[in-house]
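In the UniProt record's numbering, the protein residues as written are 1 to 475. Here the structure comes first, spelled out in structure tokens, and everything after it is commentary.
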Amino acid sequence: MSAPLLTSLAEPDGDRPDALTVAGRSCSREALFSAAVAVAARIAGAPVVAVRATPTVETVTAVVGALLAGVPVVPVPPDSGPAERDHILRDSKAALLLTGPQGAEDAGGREASAAPAAPAAAVETVPVDLAERAAWTGPEPDPKATAFILYTSGTTGAPKGALISRRAVAADLDALAEAWAWTAEDTLVHGLPLFHVHGLVLGVLGALRTGSRLVHTGRPAPAAYAAAGGSLYFGVPTVWHRVAQDPDAARALSAARLLVSGSAPLPAPVFRDLELLTGHRPVERYGMTETLITLSTRADGERRPGYVGTPLSGIRTRVAAEEGAEIGELQLTGPTLFDGYLGRPEATAGSYTEDGWFRTGDIAAIEPDGFHRIVGRASTDLIKSGGYRIGAGEVENALLDHPAVREAAVVGAPHEDLGQQIVAYVVADGVSEAELIDFVAGQLSVHKRPRKVRFLDALPRNAMGKPQKKLLPPA
Ligand code: MLC
Ligand code: AMP
């Protein structure tokens, strides 16, 4: 049984003024804790709270405050357009939205080019004030209680809210600390978004739970990683690809202890370039919003290009392969699994096998020595671009909301930097590629925009009239 989620926070060291740095602004653990207690006091008793997840100290304070109060947190991507933001707020029934000051958000966030910051009408905005202080006497929340509701895309429809318990987060962070020998001696550096598992759960709570310093670089730029002087670095493969393209920045990471890649497959050439430039063979780990991180190579173990290692402590895996085949769907069980999709019992039930194993939808192979290799996804309608998971159906629906678009089919095309890039095929009149890209970026999140739009006279269809993505022309 893991210790309570925020144990290490309750014993702030108090004297390190830069225990936490986000986009150039620092604070001590004690300052973070006191301001978070003030947040907790303000929101105590709320059923759920949304947090506008800009890369700021305020976002970290808001999340910690909600966790202290035992109020489930719904992170809202700061660049999400009205369609996506309203869906998240309505579906989660969040009545409060914690935000930072606009100025600070502009400094490190994506506000400059984002959609208007106005929340949906029913939501009360609560600004986080780092100078505010309060005494906290609340009881330790139940470990079974929900820590996060993380919105994540499926193949069709709008994103679903994955319910992540406090004990799942605690179990995952402890298993990762063990696998990576992650301690209070580390300085964690990354610049990943604070609304997904990677940047928020691992990248913020992991640092707070292990007691390590955290430097969040605002954006995951190679030069910022190089300047941060960390011991432990997190990145998605796109970030590592960019680091490998910047030899000076890459060489500066030689002094680190561990470089960790996850959220999408790390291409073998990027693994090798990183090794050549930094002297480190990167650790690769695998996870999902619904399961948190479940597989990883280890600080004290072999790291092999193309492999995501072995199950973390407490996790069991199996591959559901057809008779005679070596690859099949990866299925798993363990203490880090989610508690279902909010308000969607059928989707929840559908994500488990009859005997209670979680169906990842990823195709994998397990070598005789236990090393796991992720081969691909069962459905091509879930796209991974820059480490973001994007449902083809969600982007198609956004395109179909444009008055000029009659038909739309969205695919993920292989891309050297992004892994996959979103390509939209549309049947439309009197609208340009740039207009459609901006339209999706404005309705959903900017990262869900197609990078290319191809105009067709008609979508290829089978005899039943169903669109055939396999028959679309090359991007
Ligand atoms: C571009 N921009 C636009 C725009 N086009 N703005 C409005 N309208 C348009 N049409 C702006 C963007 O807002 C941004 O602004 C800038 O242009 C660049 O945006 P981009 O081109 O989309 O960024 P890019 O360089 O492609 O981003 C790459 C990246 C990003 C690696 C930084 O993809 C990223 O952060 N990925 C991390 C995803 C992640 O954390 N996944 C974890 C999921 S959890 P500005 O102002 O910002 O410059 C998970 C579990 C696990 O998977 O296993 O971990
Ligand atoms: P998300 O829910 O956004 O966390 O995305 C989860 C998906 O990311 C998984 O189902 C995988 O398809 C993919 N993924 C995460 N880590 C890896 C990895 N190391 N290698 C390959 N795919 C990965």
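Every residue, glycine too, gets a C-beta built ideally from N, C-alpha and C.
Asked, Found
"Take the Cβ of GLY343 as the centre, count every other Cβ of all protein chains shown within 10 Å, and call the residue buried at 16 or more, exposed below.", "exposed"
"I want to check one thing, is the minimum distance from the CB of GLU284 to the heavy atoms of the ligand AMP below 6 Å?", "yes"
"Mind checking which residues open and close the alpha helix (DSSP H) that includes GLN443?", "433 to 443"
"Is any heavy atom of the ligand AMP found at a distance shorter than 6 Å from the C-beta of ILE374?", "yes"
"With distances taken from CA atoms, which of TRP357, GLY229, LYS448 and GLY65 is nearest ARG257?", "GLY229"
"Might you give, ordered along the chain, the residues of its own chain that have their beta carbon closer than 7 Å to the beta carbon of SER26, omitting 5 neighbours on each side?", "PRO17, ASP18 and LEU20"
"What did DSSP end up calling PRO282 once you bin it into helix, strand or coil?", "coil"
"Assuming THR289 and THR152 make a contact with CB atoms under 8 Å, what is their CB distance in whole Å?", "4 Å"
"Once you ignore the five residues that flank ASP15 on each side, which residues in its own chain have a CB closer than 6 Å to its CB?", "none"
"How is ILE327 classed by DSSP in three states: helix, strand or coil?", "coil"
"Distance, Cα to Cα, SER254 vs TYR307?", "22 Å"
"Apart from the five residues on each side of it in sequence, which residues of its chain come closer than 6 Å, Cβ to Cβ, to GLY412?", "ILE383 and GLN420"
"Round the Cβ separation of GLU329 and ALA378 to the nearest angstrom and send it over; I've been treating them as touching at under 8 Å.", "6 Å"
"Evaluate SER261 with the Cβ neighbour count: other Cβ atoms within 10 Å of its Cβ, from every protein chain shown; 16 or more gives buried, anything less gives exposed.", "buried"
"Near ALA117, what residues of its chain come up, given a Cβ to Cβ distance below 6 Å and the 5 sequence neighbours on each side ignored?", "Because ALA117 sits at a pLDDT of 49, beneath the cut-off of 50, its placement in the model cannot be relied upon, and the following sentence gives the value as read from the coordinates. Counting only Cβ-Cβ distances below 6 Å, and skipping sequence neighbours, we find nothing."
"Does LEU471 pass the burial test, meaning 16 or more other C-beta atoms within 10 Å, or should it be called exposed?", "exposed"
"Any Cβ of chain C within less than 7 Å of the Cβ of PRO335?", "Absent here is chain C; the protein component of the structure consists of one chain."
"Report the residue from ALA69, GLY430 and PRO4 whose alpha carbon sits nearest the alpha carbon of ALA135.", "ALA69"
"Based on Cα-Cα distance, which residue from PHE148, ALA221 and PHE371 lies nearest to ALA66?", "PHE148"
"Tell me the rounded alpha-carbon separation between VAL243 and ALA463.", "48 Å"
"Classify LEU276: buried if its beta carbon has 16 or more other beta carbons within 10 angstroms, exposed otherwise.", "exposed"
"Here's the rule I'm using: 16 or more other beta-carbon atoms within 10 Å means buried, otherwise exposed. How should SER296 be labelled?", "buried"
"Would you say the beta carbon of ARG389 is closer than 6 Å to some non-hydrogen atom of the ligand AMP?", "yes"
"Nearest CA to the CA of ASP438: which residue from ASP417, LEU418 and ASP401?", "ASP401"
"Examine the ligand MLC and report whether any of its heavy atoms sits within less than 6 Å of the Cβ of LEU267.", "Before going further, note that residue 267 is Pro rather than Leu in the sequence given. Outside the cutoff, so no."
"Using a Cβ-Cβ cut-off of 8 Å (strictly less than) and excluding sequence neighbours within five positions of LEU444, which residues of its own chain qualify?", "SER80, GLY81, ALA83, GLU84, GLU394, VAL395 and ALA398"
"Is any heavy atom of the ligand AMP found at a distance shorter than 6 Å from the C-beta of ARG377?", "yes"
"With distances taken from CA atoms, which of LEU89, VAL128, LEU163 and GLY376 is nearest residue 484?", "A question about residue 484 goes unanswered here, because the residues of the chain that appear run from 1 up to 475."
"So LEU176 and GLY211 are in contact, right, with Cβ under 8 Å, and what is the actual spacing, rounded?", "About 14 Å; that fails the 8 Å criterion."
"Tell me, to the nearest whole angstrom, how far the beta carbon of THR291 is from that of PHE338; I am working on the premise that it is less than 8 Å.", "7 Å"
"Using three-state DSSP, classify GLU185 as helix, strand or coil.", "coil"
"For the beta strand (DSSP E) that contains GLY412, what are its first and last residues?", "405 to 415"
"Alpha carbon to alpha carbon, what distance is there between SER385 and LYS466?", "26 Å"
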